[in-house]
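In this note's numbering, the protein residues as written are 355 to 464.
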């Protein structure tokens, strides 16, 4: 019985691996940066709803947004400014319309 189980276990693993893995269209670009909130360049991050863009970080630049999550005012979100529909095109860098909205200059999607 055990021989049968040990034989089927590897067979089951190989049958499930079909090699068709999906890859996200935006390339992986890790960021390891420190932002001090008391500097003038990060002034907008001192308040909930404020955002700061750094165009030289990430793949096409990032926007850092200070949000409130369940009452925690020390919650920040970092989003890449690369449009997932136009990764390889030169117009694929999102532009910030306001603190909450980004727009793709290729097709105007928000």
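All C-beta atoms, glycine included, are put in the ideal place defined by N, C-alpha and C.
| Query | Result |
| --- | --- |
| Drop a sphere of 10 angstroms on the beta-carbon of residue 390, count the other beta-carbons inside from all chains shown, and report buried for 16 or more, exposed for fewer. | exposed |
| Measuring only the C-alpha atoms, how far is residue 428 from residue 435? | 22 Å |
| For the candidate residues 450, 443, 424 and 414, whose alpha-carbon lies nearest to that of residue 402? | 424 |
| Should residue 381 be labelled buried (16 or more other beta-carbon atoms within 10 Å of its own) or exposed? | exposed |
| With distance defined between alpha-carbon atoms, name the residue in 442, 386, 394 and 407 nearest to residue 433. | 407 |
| Specify, as a first and last residue, the run of the beta strand (DSSP E) that residue 401 falls within. | Taken as a continuous stretch (DSSP letters only), residue 401 belongs to no beta strand (DSSP E), as it is neither H nor E. |
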